Amino acid sequence: MNEFTELEKLQAQTGQIIKGKMIENLRANDSVASGNLLRSIRVDNTTNKQNKLETVLEIKAWYAELVDKGIDNRGPGKQPPIAPIQNWIRRKSISVPSGITVEQFAFAIAKKIAKKGQRKRAYPFIQPAIKFGEEYFTRRANEAIGVDVEIDVNIILESSPYLKKV
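Oh and the sequence shown: position 122 is 945 in my numbering, straight run, nothing missing.
This is the structure we're talking about:
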């Protein structure tokens with residue numbers, strides 16, 4: 824029998840579509856700094872012990888959930904380290920006010936965070952992509968199952984001397 828090859832193709836394709844939508848969402852949210860998060864999104868299609876296709880979508884960047892859901896607001900208190908702020912300024916190509924260095928600007932930002940705190944917004948990219956993938960799969964599933972059933976019927980008709988196509 825056909826074993827639902829069209830449906831499996833759709834499953835694999837949907838995994839890639841969800842990955843693409845996640846990347847699109849991250850870019851639309853302006854959540855791309857170094858590109859590490861984008862590169863950490865993986866889709867793997869493997870066959871399990873029952874010879875069924877398994878599609879696994881994985882995000883390896885440890886901070887993906889922080890970007891997606893945001894983090895708790897950081898209240899006033901201890902000054903954060905300056906080096907990550909400097910790297911952020913460089914990666915985002917943030918213009919530094921004239922007359923000061925990147926290090927001085929990063930120090931000023933760190934001082935302000937220590938004094939006033941920091942509010943971190945959520946930039947959802949996971950759930951919207953999964954919802955988009957579910958809708959895509961649902962729209963296309965009946966078509967794929969129909970093709971698979973038609974292939975199976977034709978295999979049965981061709982292999983049986985007692986049945987004929989009408």
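All C-beta atoms, glycine included, are put in the ideal place defined by N, C-alpha and C. Predicted model, so just to flag it, every value in this text is computed and none were measured.
Self-check item: From Asn871, Ile894, Leu889 and Leu861, residue whose alpha carbon lies closest to that of Glu881
Solution: Mapped onto the sequence shown, residue 881 falls at position 58. Nearest Cα to Glu881 within the set Asn871, Ile894, Leu889 and Leu861: Leu861.
Quiz item: For Glu939, which residues from the same chain have a beta carbon less than 7 angstroms from its beta carbon, with the 5 sequence-adjacent residues on both sides left out?
Solution: Walking along the sequence shown from the start, residue 939 turns up at place 116. Residue identity check: residue 939 is Lys in the sequence provided, not Glu. Within the same chain, Cβ atoms closer than 7 angstroms to the Cβ of Lys939 are found at Pro899, the five residues on either side in sequence being excluded.
Quiz item: In angstroms, rounded to a whole number, what distance separates the CA positions of Lys844 and Ser982?
Solution: Counted from its first residue, the sequence shown places residue 844 at position 21. Counted from its first residue, the sequence shown places residue 982 at position 159. Cα to Cα, the separation comes out at about 43 angstroms.
Exercise. Could you check how far apart the C-beta atoms of Thr828 and Asp975 are, in whole angstroms? I think they sit under 8 angstroms.
Key: By one-based count along the sequence shown, residue 828 stands at place 5. By one-based count along the sequence shown, residue 975 stands at place 152. Not really, about 10 angstroms apart at Cβ, beyond 8 angstroms.
Self-check item: Touching by the beta-carbon criterion (3+ pairs, under 8 angstroms), the stretch 832-851 and the stretch 920-936
Solution: Output reads no: the stretch 920-936 does not touch the stretch 832-851.
Quiz prompt | Rounded distance between the beta-carbons of Ala929 and Ile894, thought under 8 angstroms | solution = Taking the first residue of the sequence shown as position 1, residue 894 is located at position 71. Taking the first residue of the sequence shown as position 1, residue 929 is located at position 106. Not quite, the Cβ-Cβ distance comes to about 20 angstroms (not below 8 angstroms), so this is no contact.
Quiz item: Can at least three beta-carbon pairs, one atom from the stretch 846-853 and one from the stretch 870-877, be found at a separation below 8 angstroms?
Solution: Counting C-beta pairs closer than 8 angstroms gives fewer than three between the stretch 846-853 and the stretch 870-877, which falls short of the contact rule.
Exercise. Have a look at Tyr886 and Val925 and give me their C-alpha separation to the nearest angstrom.
Key: The sequence position of residue 886 within the sequence shown is 63, counting from 1. The sequence position of residue 925 within the sequence shown is 102, counting from 1. Cα-Cα distance, rounded: 25 angstroms.
Quiz item: Is it the case that the Cβ atoms of Lys872 and Ala967 are separated by a distance below 9 angstroms?
Solution: By 1-based counting over the sequence shown, the position of residue 872 is 49. By 1-based counting over the sequence shown, the position of residue 967 is 144. Against a cut-off of 9 angstroms, the Cβ pair of Ala967 and Lys872 comes out as no contact.
Self-check item: Every unbroken beta strand (DSSP E) within the stretch 918-983, with a cutoff of 3 residues, ordered by chain
Solution: Complete beta strand (DSSP E) runs here, min 3: none at all.
Quiz item: Do Arg897 and Arg942 have their CB atoms nearer than 9 angstroms?
Solution: Start at 1 with the first residue of the sequence shown, and residue 897 comes out as number 74. Start at 1 with the first residue of the sequence shown, and residue 942 comes out as number 119. Against a cut-off of 9 angstroms, the Cβ pair of Arg942 and Arg897 comes out as a contact.
Quiz item: Cα separation between Ser918 and Gln909?
Solution: Sequence index remark: in the sequence shown, residue 918 carries index 95 (1-based). Sequence index remark: in the sequence shown, residue 909 carries index 86 (1-based). Spanning the two alpha carbons is a distance of roughly 12 angstroms.
Quiz item: What distance in whole Å lies between the Cβ atoms of Phe948 and Ser854, which are believed to be in contact at a cut-off of 8 angstroms?
Solution: Taking the first residue of the sequence shown as position 1, residue 854 is located at position 31. Taking the first residue of the sequence shown as position 1, residue 948 is located at position 125. Right, the Cβ-Cβ distance comes to about 7 angstroms (below 8 angstroms), so this counts as a contact.
Quiz item: If you scan the stretch 827-878 from start to end, which runs of the beta strand (DSSP E) of 3 or more residues do you find wholly inside it?
Solution: If we require 3 residues or more, the beta strand (DSSP E) runs fully inside the stretch 827-878 come out as 864-870.
Quiz item: Exposed or buried, what is Leu830 when buried is set at 16 or more other beta-carbons lying within 10 Å of its beta-carbon?
Solution: As a first step, residue 830 is located in the sequence shown; it is residue number 7 there, counting from the start. Result: buried.
Quiz item: Taking the DSSP output, what are the residues bridged to Leu880?
Solution: Residue numbering aside, residue 880 sits at position 57 when the sequence shown is read from its first letter. Beta-bridge pairing links Leu880 to Val866.
Exercise. Report the partner residues of Arg897 according to the DSSP bridge assignment.
Key: Taking the first residue of the sequence shown as position 1, residue 897 is located at position 74. Under DSSP, the beta-bridge partners assigned to Arg897 are Gln941.
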